[in-house]
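Beneath this line is the structure, given in structure tokens, with notes to follow.
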Amino acid sequence: MNSYQARVEVKLKPGHVDSEGLTTEKALNDMDYSVEEVSTAKVFEIKLTASSLEEAESEIKDMCKKLLANPVKDDYKVEVEKAE
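Numbering (the numbering used here), first residue to last: 1 to 84.
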């Protein structure tokens, strides 16, 4: 078994209200920054063991579908590499 490091970024799908992003955007504009848009994302850093990179990627995607992301409102991006 090998050790892998995964990075999962979860963001709201277009059309869903990002209230935290909107609040931050307003606050930055109130501080005289010329901000056009702010969006938020959650990042998960996961270390796991698997027999191959493909298996590690498959397991991470399964984790996203079952727990880390809500398929109704979230998009996610996965990056997996062999840990050093």
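Glycine included, every Cβ here is placed at the ideal spot set by N, Cα and C.
The beta carbon of K61 sits closer than 7 Å to those of V78, all from its chain and outside the five residues before and after it, given in chain order.
With distances taken between CA atoms, G21 lies nearest to K42 out of A56, K42, N2. T49 has S3 as its beta-bridge partners, per DSSP. DSSP lists no beta-bridge partner residue for A56.
The C-beta distance from Y76 to V17 rounds to 18 Å, too long to fall under 8 Å, and the pair is not in contact.
In the DSSP secondary-structure assignment, E25 is not bridged to any residue. In this model, E81 and T40 are separated by some 24 Å (Cα to Cα).
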